[in-house]
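Participant: Structure in structure tokens, see below.
Structural data, given as structure tokens:
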């Protein structure tokens, strides 16, 4: 699972539905969000004991070398945080980290739009795709 923020998707979609803990990994850029997830879900001991979460930056080649490709990858509320070109870079990275299939959900739009954003934690442009433009972007990025 990449990235994971508070870990709500990892917990709800995988752990609580019965996927074995040794088959699950979550990655997050900011350790603050991982710690907040432990507090919110009151499962820090379980998650830490099973080494579920790892802090790292997917744009760091050294970090990427530590990640074994997974059979399945779930990336949620993630790609729309980037501009259109960076999204393609991220898709290329994700395609290298998965063996079988990628799933997830992103913020989108009926009509594709790239917006400038400036908030406490995000600055820059964010691309929101329609289903069609997302498929086109993925195919351009990964050749598939």
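In the numbering used here, the protein residues as written are 91 to 234. Just so it is clear, CB atoms sit at the ideal spot from N, CA and C, and this is done for glycine as well.
Give the secondary structure of residue 205 by DSSP, where H, G and I count as helix, E and B as strand, and everything else as coil.
Facilitator: The residue you call residue 205 lines up with position 115 of the chain shown. The answer is strand: DSSP assigns residue 205 an E or B state.
Participant: Quick check: the region 143-157 against the region 111-121, are there 3 or more CB pairs under 8 Å?
Facilitator: The answer is yes - the region 111-121 touches the region 143-157, with three or more Cβ pairs under 8 Å.
Participant: Please report how far the alpha carbon of residue 173 lies from the alpha carbon of residue 161, in whole angstroms.
Facilitator: Counted from its first residue, the chain shown places residue 173 at position 83. Counted from its first residue, the chain shown places residue 161 at position 71. Approximately 27 Å, taken between the alpha carbons.
Participant: Measuring alpha carbon to alpha carbon, tell me which residue in 184, 106, 193, 215 is nearest residue 155.
Facilitator: Start at 1 with the first residue of the chain shown, and residue 155 comes out as number 65. The shortest C-alpha separation from residue 155 is found at 184.
Participant: If we count the other Cβ atoms within 10 Å of its Cβ and call it buried at 16 or more, is residue 142 buried or exposed?
Facilitator: In the chain shown, residue 142 corresponds to position 52, counting from 1. So residue 142 counts as buried.
Participant: Looking at the structure shown, is residue 161 part of a helix, part of a strand, or coil, going by DSSP?
Facilitator: For the purposes of this step, residue 161 is taken as residue 71 along the chain shown, with counting starting at 1. Here residue 161 sits in strand by DSSP.
Participant: Taking the beta strand (DSSP E) that residue 214 belongs to, which residues open and close that run?
Facilitator: One-based indexing of the chain shown puts residue 214 at position 124. Per DSSP, residue 214 is one residue of the beta strand (DSSP E) stretching across 213-218.
Participant: Give me the Cα-Cα distance between residue 170 and residue 113, rounded to the nearest whole angstrom.
Facilitator: As a working note, residue 170 is residue 80 in the chain shown. As a working note, residue 113 is residue 23 in the chain shown. Each residue's alpha carbon lies about 27 Å from the other.
Participant: Roughly how many whole angstroms lie between the Cα atoms of residue 191 and residue 217?
Facilitator: Locating residue 191 in the chain shown gives position 101, counting from the first residue. Locating residue 217 in the chain shown gives position 127, counting from the first residue. Each residue's CA atom was taken as its position, placing residue 191 and residue 217 some 23 Å apart.
Participant: Starting from residue 141, trace the beta strand (DSSP E) in both directions and tell me its first and last residue.
Facilitator: The residue you call residue 141 lines up with position 51 of the chain shown. Residue 141 -> no beta strand (DSSP E), and no H or E assigned at all.
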